[in-house]
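**Student:**
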Amino acid sequence: MNPAVTAIRTGWTRGLIELRQSFTNGADLLNHLLWPVLMLIVTFFLRDVEFGSTGLPLGTLALPSILGMNVAAVMVSMSQHLTADREDGTLLRAKATPHGVRGYLVGKVVALSGGLLADLAIFLIPGLFIIGGLAAASAGSWLTLAWVLVLGVVAALPIGAVLGSVFTGTRSQGLLQLPILGMIGISGIFYPITSLPEWLQAIAQVFPFYWLGLGMRSALLPDAAAGIEIGASWRHLETAGVLAAWAVLGLILAPIVLRRMARRESGSRVAERRERALQRIG
1 MNPAVTAIRT GWTRGLIELR QSFTNGADLL NHLLWPVLML IVTFFLRDVE
51 FGSTGLPLGT LALPSILGMN VAAVMVSMSQ HLTADREDGT LLRAKATPHG
101 VRGYLVGKVV ALSGGLLADL AIFLIPGLFI IGGLAAASAG SWLTLAWVLV
151 LGVVAALPIG AVLGSVFTGT RSQGLLQLPI LGMIGISGIF YPITSLPEWL
201 QAIAQVFPFY WLGLGMRSAL LPDAAAGIEI GASWRHLETA GVLAAWAVLG
251 LILAPIVLRR MARRESGSRV AERRERALQR IG
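Going by UniProt numbering, the sequence shown opens with residue 1, and the numbers climb by one from there.
(1) Leaving out five residues on either side along the sequence, give the residues of the same chain with a beta carbon under 6 Å from the beta carbon of isoleucine 130.
(2) Between which two residues does the alpha helix (DSSP H) harbouring aspartate 48 extend?
(3) Would alanine 7 and leucine 151 be called neighbours here (beta carbons separated by less than 8 Å)?
(4) Using three-state DSSP, classify phenylalanine 126 as helix, strand or coil.
(5) For histidine 32, I'd like the list of residues in its chain whose CB is within less than 8 Å of its CB, leaving aside the five on either flank, ordered along the chain.
(6) Please state the DSSP three-state secondary structure of proline 192.
(7) Answer with buried or exposed for leucine 175, where buried requires no fewer than 16 other C-beta atoms within 10 angstroms of its C-beta.
(8) Go through its chain and collect everything with a Cβ distance to alanine 94's Cβ below 6 Å, but skip five positions before and after it.
(9) Would you verify that the beta carbon of asparagine 2 is, or is not, closer than 8 Å to some beta carbon of chain D?
(10) Exposed or buried, what is serine 233 when buried is set at 16 or more other beta-carbons lying within 10 Å of its beta-carbon?
(11) Roughly how many angstroms separate the alpha carbons of glycine 140 and alanine 219, rounded to a whole number?
(12) Under three-state DSSP, which class holds proline 222?
(13) Just checking my contact of valine 242 with proline 208 at CB under 8 Å: how many whole Å lie between their CB atoms?
(14) DSSP on proline 158, reduced to helix/strand/coil?
Here it is as structure tokens:
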């Protein structure tokens, strides 16, 4: 059998095992439940707060936006996993086997994508009953939701792998949190972006957070809600174009950066990072 195919099959199996373990481990299970539950509480308290004179509750506007934010945030998860596995030697062990890095990455994609789908379901299913005003009854809504989700994941995971290759330790991941929070803050997730200054709107439209939120809103909100968006339109073509551009960028950069990172990995580097970690603890 082709070694590459074997590596992919091994990665698929590894990813399913990691996914199953994440729902049988107490700490991981809490992580799966905590964020969706917190966001449900937020949207519940916003359900009667109307945005301006539109008659649209902020909770209804926020629910699909939060779905988009969760999809974009998977890039942070990929980055954190990759950095942690570099630090403890997991990636080095994968490198020691034929096509091991490929199998490792396939496993991470399967585990993180599966976990994301579960998290979205935990948030969305109760949200459909708690929050009114959603337009999720048609097949077109779910089709839009599906293509935005797929494009978003394909855009986010490779970029996350690139970021994980750049950061050398788990402590340095903190440098990633502030810009991510900044992008979330200006992306229209919790409040319509048209309320922000135009220069902030322009910055937000460069990154996938805004477009994922817009795509999810276009899937789950009534057509009248498009009136509060930029250009009073859902801009499906622009959404697909920007997300596709990020996906292409990530798919081009990720293999190059990952190969360079894997070549630099060695037992001495892992030992050096472990020694620095022990010194911090001590």
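Think of the CB as a built atom: it goes at the ideal place given N, C-alpha and C, for glycine as much as any other residue.
**Tutor:** So, from the listed chains and residues:
(1) The answer, listed in chain order, is Phe44.
(2) From DSSP, aspartate 48 is part of no alpha helix (DSSP H); its letter is neither H nor E.
(3) The Cβ-Cβ distance between alanine 7 and leucine 151 does not fall below 8 Å.
(4) According to the sequence shown, residue 126 is proline rather than phenylalanine. Helix, per DSSP.
(5) The answer, listed in chain order, is Ser22, Phe23, Gly115, Ala118, Asp119 and Ile122.
(6) Residue state, collapsed to three classes: coil.
(7) It is exposed - the Cβ of leucine 175 has fewer than 16 other Cβ atoms within 10 Å.
(8) Taken in chain order, the residues that qualify are Gly100, Val101 and Tyr104.
(9) Going by chain labels, chain D is absent from the structure shown, which holds only one protein chain.
(10) Exposed: under 16 other Cβ atoms inside 10 Å.
(11) Cα to Cα, the separation comes out at about 8 Å.
(12) If DSSP states are grouped into helix, strand and coil, proline 222 belongs with coil.
(13) Confirmed, Cβ separation roughly 7 Å.
(14) Note: proline 158 maps to helix in three-state DSSP.
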